[in-house]
Structures are given as structure tokens and as C-alpha cells.
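Residue numbers (the working numbering), protein chains in the order written: chain P, 235 to 544; chain F, 235 to 544. Ideal Cβ positions, reconstructed from N, Cα and C, are used throughout, including at glycine. What follows is a single structure, written as C-alpha cells, with notes after it.
Take a look at the structure:
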């Protein structure tokens, strides 16, 4: 099985690649701007492709003779995309479509696993979110993700690829570096409290968040690579299940598991972050549940998993 | 007012340009692959740009220093797009986005009138069609139109353009030439019966169609250029009102107005055409009605208008 992962140096990408290397015999091609972290890995059938997907040469190297499974995770994140719409078009739309078209052109109908986002459904999200919700993105990141979802549904219909788009909720805990993600606070709560440092929440105590640990996210990505194609809806996209927690629920469990003191916490609500990331409605994911995608189970398991990843 | 019309040699494009020249003092730029029909026109402030919009040079000439209104009608039609998906991406997606981005880059927030299609809502269409329907295109033509709708909604949100997307029903009567349109039969019924020739309907007598005459379509396009921006929904797209007729209703009125005999008519249902063009459900266009878009009024007016255009 020839498998390519783009965005392989990203937070989710690294975790996915490590899982693939540890648990499969797949021939893995990793693609990212900088793959320094992977250069000391010692595996047969591991290929590293450094460069930007806007380059035809990089795309050719990413696909090679053909791929059986293409995990396309590379993207300019939401905050950075909003700052640089032109680059978002290049990376999140044009190069993405070019890469997928190239993989499709080999004629072997590859499985394409595309990481989409709940942002395709809008901000604030409709309530409840279910499989009948319209695509109604409110920012350029979600707009380009939605456009690629539609292109993949069409390529799938025409028999060129076997497409599976999964819409990710907030994944925790991301590294505590500036990542261009507006949702960084969801991860910083883990880092700051684990380090015994003050944490200021930019959303209120009753803000509701959809969260998934990175290890659960990787399990869902691997599942997306092998899920039975015919059981997915014709738009080829599912909103993943996620735990729905209030900011208070999350903080209390992180305090409990880290032993940090509650006086480290303050709240300074930022209206735009509250609107985009703190008003997640009830979530009904029948299509994803039906084919076996899962959330972390409960808040204890989520926090344990997230803390173990940092 | 500097106005550009792409697809200016098309069926709707020619009618729109003639209306603009006859009734406004706008400085008009026409863009199409071949503008022979327009070369004998004698108007001040008329500029002709011949070439493909995939060319940067053509796009620069189309936009010039800036445009106040961009009517973007140019497209590879549905049947041709399905035959040549790569060209559909070039014309209906990439060049379209490049042109709109270029017009937006001039900084004057141009009104962009984009002719979308009811095909963005799927085939068969959901019943009834209303403003809550999801984007669910079933062919590549509708897929690319839906992707551009989403890109325009995002550009509008960011204040780069003032976007108005109108989803057209079947427009009649198109010229009786091979146009790559799968819906050609809707127009051929007018041509064949006006000429006293046999007409074979590829959809059944009870097939339901949404139709609009070309003159009504032009009136709606001109309305889209000047409609008050704030009264449109945030996705900037409206499904236009249309008359909903059965094939029998349409044929009987065409027979009446042309004096043709009913024994010219036979029915040979083609399942794919029946599915895509002969199952149009009840249509509720509140958002479009609210801002003043209109259909032809009744079947007599529609048929009279369509017959007068051929």
C-alpha cells in the first residue's frame, strides 16, 4: 500500500505518520515544507518530500507513480488564511485541487482522505448541527475547505477518486507555539495549567466547545483510509463526532488532572473568538457514527489523552 | 459607469449587451472568444476583447483600469463540461476566480453579477426548492458554479466585491445550434414547431420544467446590477423565480401560438434528461422575490416572448 501524507510535519500530520509507521507496513511518503523531525527515522519504504505543494515538482514527487491512499492534511490555517487570502487560494484551493487531480490522473482511483473542518458549516454554527446542515462558511479557511469538499464529491461521482472528507472539531492539545490558529486557546489551557502558569480564557465559562484528542483524531484518520466506501453519503463528507464541553467543564478536569490551582484561571471574553469557537451547539453525527467514527468517550479520557500528548 | 460582460457572444450575453447599448449610457466592454457579431455595432465607449479568459492578457483587457459592474456569464456549458472536466476547471473555476480577483484588486469594490444555475441544488432537485436548500450539485458544471458562489460570498464578506449570484432556470428559446447544453430540448420545441417540423420530447408529458424567457432573464440581470446590496442574503445567491410548467402545458401553448399541428409531437423519454431537467419541483423564491426579481408572469407571455426571440 503506497500512502502519502501532506502536512506531515503538522501537529496532526506527525501523529498520523508515527501511527502509520508504528502499526502498518504501508510505504509512506511524507510531504511538508520542512521534514527535519523525520530525517532520523529509520524505516524501509519511507520517502521524504520537502517543499511547497504549489510546486508542480513537489506534487509529482508526492504522488510518484501512483498512491493508494492520499491523506491531504496540508493547509494554511484559519487565522493565517484570513490574513493572506491570496496565499489561502494558492495553498488551500489551487494546489490542493492540483494535487488531487494529479493523484486521480494515475487511473487507480485512490482513496483521498481530506481533513475538512466544522467551519464549513458557518460561524456561529446552526443549532443543532446534523447531517442536513448547509455549507455556509463564514471565513476564507472554511470557504476553501468547502470548495474542495465539493470538488472531491464531483471527482468521486465521476469515478476518479474514492473520496472521504472528515470535518474536524478542535483537536487538542496542539503545541504551544504561534500557529496562526485562532483556536489556540483550546490547547493553551492544557499547556499553561500543566506548567502551573496563569491561563486567561478568551471565551466565557459557559462557552461550549467541540473537542477531540489528537490520538482519537489519528484513529479517525486511519479509519477514514479504510472505511467501506459505499456506506458514506454521496457528498462524501461527514462531520466527526466530538465531545461537547463547556469551558468550565474542561478547565475543572484539567485542574484536577494537573493539580493546578483554580486561582490561575481568569476569563476575558473576546467577542469574535466567543462567536467562532465558543458557541458550539448540540452535535448529531449520524452519518459518521454509522460508519464507525468516534469521539474520546468522556471528558476524563479526553483530558488524559490531551495531556499525555504534550 | 464602466461595465464588462463576459460571454458576450452567448445567447444571454448578446441579449444583455444589446439591452445595455439600447437603454443605458454605460461604457461597455464585451469579452468572448469571437465577437464578430458586434464588430459592426456603432457606439461610443464600446470596447471589444476577443480571447479566452484563461489568458492573463485577456483578463487584464476585460477589467482595464477598473470596472464598476462585471457581468460574468462566460462558461463552458454543462454537457461540454461533463465531457471535459479539465477544461471546466480551467474556465468555470480557475479563470473565473482569476477574473474576479483581478476586478476586486482594483480597490473599488465592483458589483459582480454571476450567473449561477439551479444545478447547484442537485439533480433531482429537492422538493420544494426554497432558500434553505443545500448546495448539492450532481454534475461538474453545477459543482464549479457552486464553488464560485462560495468564493464570491467570501470576497463579499471581506469587502472586496459587491457580489450578486443569480441561479438561472432554463432560458428559452436558445438558438437551435449544438451548444453543449443538455437542456437544448427546452428550446428546440420552439424552433421545431415554429418551423412546422416534428418534435420528439426526451422528457415525458408530465415532466415539470422551470422556464424563463431570454428577455425576462436580461431584465433580471440588469436588475441584479443595481439591486440594493443590503437586501440580499449573506451567501449573496438567490434562486430566480421561474414559471413551473409541464411539458404538455408548454407544448400546447407553443402549438397554439405557432399554429403547428399536434401530430408533430412524440415523446421518447430519456431517463437522464428526465431526471436532470424534467423533475423540477415546486419553487419558492422568497429571497429573490423580496428584492424584485421576476418570472414571465404566465405561460402565454413566456411562449410569446420566447417565440419572438427566434
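Around the beta carbon of residue 464(F), fewer than 16 other beta carbons sit within 10 angstroms, so the residue counts as exposed. By the rule that beta-carbons nearer than 8 Å mark a contact, residue 469(P) touches chain F.
CA-to-CA, the gap between residue 279(P) and residue 238(P) works out to about 12 Å. Residue 236(F) is bridged by DSSP to 261(F). In this structure, the alpha-carbon of residue 542(P) lies about 29 Å from that of residue 398(P). In this structure, the straight-line span from the alpha carbon of residue 527(P) to that of residue 466(P) is close to 11 Å. Taking C-beta atoms as the reference points, residue 480(F) and residue 516(F) fail to come closer than 8 Å.
DSSP places residue 424(P) inside the alpha helix (DSSP H), whose first and last residues are 419–428. Identification of chain P residues near residue 368(F) by a Cβ-Cβ cut-off of 9 Å yields 366, 367, 368, 369, 469, ordered along the chain. In the three-state reduction of the DSSP assignment, residue 539(P) falls in the helix class, which pools H, G and I. Here the alpha carbon of residue 310(P) sits roughly 6 Å from the alpha carbon of residue 322(P). Under the three-state reduction of DSSP output, residue 254(P) falls in the helix class. In this structure, the beta-carbon distance from residue 428(P) to residue 303(P) does not fall below 8 Å.
The distance from the Cβ of residue 241(F) to that of residue 263(F) is about 13 Å, inconsistent with a contact at the 8 Å cut-off. Straight across, the Cα-Cα distance linking residue 486(P) with residue 406(P) is about 16 Å. For residue 373(P), no alpha helix (DSSP H) segment is defined, and its DSSP state is neither H nor E. Secondary structure note for residue 530(F): it is in no alpha helix (DSSP H), with a DSSP letter that is neither H nor E. Listed in chain order, the alpha helix (DSSP H) runs fully inside the stretch 254–341 of chain P are 290–297, 312–317, 319–322, 330–339, counting runs of at least 4 residues. In the three-state DSSP reduction, residue 352(P) falls in the helix class (H, G or I). Close to residue 374(P), with beta-carbon spacing below 8 Å, are these residues of chain F in chain order: 388, 392.
Residue contact with chain P for residue 446(F): absent (no Cβ-Cβ distance below 8 Å to any residue of chain P). When CB distances to chain P are screened at a threshold of 9 Å, the residues of the stretch 304–336 of chain F falling below it are 316, 319, 320, 323, 327, 328, 331, 335, in chain order. Listed along chain F, no residue sits closer than 9 Å to residue 535(P) by beta-carbon distance, the nearest being about 34 Å off. For residue 400(P), the beta-bridge partners assigned by DSSP are 349(P), 472(P). The C-alpha of residue 530(F) is placed about 19 Å away from the C-alpha of residue 461(F). DSSP places residue 447(P) within a strand segment (E or B) once states are collapsed to three.
For residue 499(F), the enclosing beta strand (DSSP E) covers residues 499–501. When 8 Å is used as the limit between beta carbons, residue 380(P) is near these residues of chain F: 384, in chain order.
Between the stretch 371–386 of chain F and the stretch 351–359 of chain F, the count of Cβ pairs shorter than 8 Å is three or higher; the stretches touch. Where residue 492(P) is concerned, the enclosing alpha helix (DSSP H) starts and stops at 481–492. Contact between the stretch 267–274 of chain F and the stretch 243–251 of chain F is present, with at least three C-beta pairs closer than 8 Å. Taking residue 312(P) as reference, the option from 404(P), 435(P), 300(P) with the minimal CA-CA separation is 404(P). Within the DSSP secondary-structure output, residue 513(F) pairs in a beta bridge with 442(F). Apart from the 5 residues on each side of it in sequence, residue 343(P) sits with its Cβ closer than 8 Å to the Cβ of 393, 394, 395, 396 in its chain, given in chain order. Residue 506(F) counts as exposed, since fewer than 16 other beta carbons sit within 10 angstroms of its beta carbon.
The Cβ atoms of residue 483(F) and residue 533(F) sit closer than 8 Å to each other.
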